[in-house]
Amino acid sequence: MARKTRSIRKSMNSNHIYADILDLLSQEEDIADEDIAHYANIDIDTVKSIKQKWVSEETPNPLKK
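First residue of the sequence shown: 56, per the working numbering; consecutive thereafter.
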C-alpha cells in the first residue's frame with residue numbers, strides 16, 4: 056500500500072512540475088533551461104525535451120487541416 060501511495064504522490068507531483076515548466080516556458084522573459092531544471096529538480100535534457108515538444112506542438116503545420 057505504501058508503494059502505491061508513493062507512486063501516486065510522485066505522479067501528481069510530476070504533473071504539477073510539468074505544468075510549472077510550461078508556465079515558465081510560456082513567459083515573455085528568456086529563462087535559461089538550466090534555471091528551469093534547477094527549479095524543477097530535473098535534468099537539463101528533460102527540460103530541453105519538454106521545450107522541444109511544446110514548441111513543435113505550437114508550430115502550425117500547413118499540411119494539417
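The C-beta atom is built at its ideal place from N, Cα and C for all residues, glycine as well.
Item, Value
"Exposed or buried, which one is I99 when buried takes at least 16 other CB atoms within 10 Å?", "exposed"
"With a floor of 4 residues, list each alpha helix (DSSP H) that falls wholly inside the stretch 72–107, ordered by position along the chain.", "88–95"
"Between the C-alpha atoms of A74 and Q107, what's the straight-line distance to the nearest angstrom?", "15 Å"
"What number of angstroms, rounded off, separates the C-alpha of Y94 from the C-alpha of W109?", "19 Å"
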